[in-house]
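Per the numbering used here: the sequence shown = residues -3 to 75. Yeah, the Cβ is synthetic: ideal placement off N, Cα and C, and Gly gets one too. Owing to the predicted nature of the structure, the values given are computational and were not obtained by experimental measurement.
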Amino acid sequence: MNLEEILPGVRARVSKIATTGDQREDIRGQLEDIGFLPGEQVEVLRKGLLGQGPILIRVGSSTFALRESEARLIEVEIL
């Protein structure tokens, strides 16, 4: 399951960041730099209007807005 599929209010743990290709490797590095690391707990706080648009996510004590395409790369396990 990926982070984009999780409903608001659900907590999960990052299992890995899926990557294929150079562009995704860059995105993977950026996501890891801001705290999306395997084993890290995350919570989806809010999704964009009608389920589209940015997804507001809490990682540790920080909150980030991710694009849907970025959230699809983050594979998680629901807690």
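- The residue from A14, I51, F60 with its alpha-carbon nearest to that of P4 is I51.
- The three-state secondary structure of A67, taken from DSSP, is helix.
- Check the Cα spacing between A61 and each of R24, I30, K12, V10: the tightest is with I30.
- Within its own chain, no residue has a Cβ closer than 7 Å to the Cβ of D22 once the five positions on either side in sequence are excluded.
- For the 8 Å CB-CB criterion, R7 and L75 form a contact.
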